[in-house]
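Reading through the structure tokens given below for one structure.
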Amino acid sequence: MNYIASIGKYFIMVWEIFKKPTKWRIMRSLILKEIDELIYGSMGIIIFIAFFIGGVVTIQTALNLNSPFLPKSLIGFATRQSVILEFAPTFTSIIMAGKVGSYITSSIGTMRVTEQIDALEVMGVNSLNYLVFPKIIAMLMYPFAVAIAMYVGVLGGWVAAVFGEYAPSGEFIKGLQLDFTPFHVTYAFVKTLVFALVIATVPSFHGFYMRGGALEVGKASTTAFVWTSVVIIILNYVLTQLMLGQ
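According to the working numbering, the sequence shown is numbered sequentially starting from 3.
This is the structure:
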């Protein structure tokens, strides 16, 4: 019953976010600050992970395609499919749930502990709109980060294939172009947008409604990461079945 109550409380929180909006003059600066901290500040780790994930996928695919009857272009094909469909949107989102989610929970939780949220509410400010709405808008930029992760992941696969001598450059690029379905990119971006909303709201929920002191802030950050990851994995299955399932 506690889980059901928490789910209901979460959706009530989401509804409250959009009530009584903060003045645009103030909100604009908050949104730009969140874009810088949540998206731009995460680009380094996203690019680093995507590059090496692409390389690892290429190497593992090449080692399993050891038959002389299988064309080397399949290495590029498998790398493209793996990076675009799963690794760039989903794996990157799990990493972001740890990095960005923990930051969101700890920052809002610290404000709750130090009674800054209470002060906002006393002044008549919708604290949920003030604190969470800028994060939601900032995370709408997340698909651009995932698009870069797709490109860098494929680039990492190409580097691993060519310099590791698993496949010639021409064969790898031929595999990248083989049976390309544009809808797969659309599917990845739809997943990314849904994951972005989850990353922005679930950690905010755990930070906003936490109680206690500094120790509880740390516990709330850990709990937020776990539940954000669980929700992402479940939604990944649901969206895949809805959009790609027969």
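Every residue, glycine too, gets a C-beta built ideally from N, C-alpha and C.
{"Query": "Selection from SER231, GLN62 and MET143 that minimises the alpha carbon distance to ILE33", "Result": "MET143"}
{"Query": "For ARG213, the first and last residue of its enclosing alpha helix (DSSP H)", "Result": "Looking at the DSSP string, ARG213 is not in any alpha helix (DSSP H), and its letter there is neither H nor E."}
{"Query": "Straight-line gap, LYS74 to ASP181 (C-alpha atoms, nearest Å)", "Result": "15 Å"}
{"Query": "For TYR168, the three-state DSSP class (helix, strand or coil)", "Result": "coil"}
{"Query": "Cα-Cα separation, PHE185 to THR225", "Result": "35 Å"}
{"Query": "Host alpha helix (DSSP H) of VAL102 (start-end)", "Result": "94-115"}
{"Query": "Pair within 7 Å by beta-carbon distance, GLY56 and VAL148", "Result": "no"}
{"Query": "Range covered by the alpha helix (DSSP H) that runs through ASN4", "Result": "4-19"}
{"Query": "Of the listed residues GLY43, ALA169, VAL154 and LYS22, nearest to ILE86 (C-alpha basis)", "Result": "VAL154"}
{"Query": "Per-residue burial, TRP160 [other beta carbons within 10 Å of its own, 16 or more giving buried]", "Result": "buried"}
{"Query": "7 Å Cβ shell around PHE207 - same chain, five flanking residues per side excluded", "Result": "TYR12 and MET15"}
{"Query": "Local conformation of MET152 per DSSP, three classes", "Result": "helix"}
{"Query": "Environment of ILE28 [buried if 16+ CB atoms lie within 10 Å]", "Result": "exposed"}
{"Query": "Sequence-distant residues of the same chain with beta carbon closer than 8 Å to LEU195, five excluded per side", "Result": "LEU142, TYR144 and PRO145"}
{"Query": "Sub-7 Å separation of ALA99 and ILE9 beta-carbons", "Result": "no"}
{"Query": "Given VAL134 as reference, the closest of LYS35, LEU246 and TYR168 once Cα atoms are compared", "Result": "LYS35"}
{"Query": "Straight-line gap, THR112 to GLY209 (C-alpha atoms, nearest Å)", "Result": "8 Å"}
{"Query": "Where GLY177 falls: helix, strand or coil (DSSP)", "Result": "helix"}
{"Query": "N- and C-terminal bounds of the alpha helix (DSSP H) containing ASN128", "Result": "That residue, ASN128, is in no alpha helix (DSSP H); it is neither H nor E in DSSP."}
{"Query": "Heavy atom of the ligand SAH within 6 Å of MET143 beta-carbon", "Result": "This structure simply doesn't include the ligand SAH, nor any ligand for that matter."}
{"Query": "Beta-carbon spacing of TYR168, ALA64 below 7 Å", "Result": "yes"}
{"Query": "Cβ-Cβ distance between ALA163 and LEU40 below 7 Å", "Result": "no"}
{"Query": "Secondary structure, alpha helix (DSSP H): runs of 4+ residues fully inside the region 182-243", "Result": "184-210"}
{"Query": "Span of the alpha helix (DSSP H) around ASN66", "Result": "45-66"}
{"Query": "Own chain partners of VAL187 with C-beta closer than 7 Å, once the 5 adjacent residues on each side are dropped", "Result": "ILE86"}
{"Query": "Outcome for GLN179 when other beta-carbon atoms lying within 10 angstroms are tallied against a minimum of 16", "Result": "exposed"}
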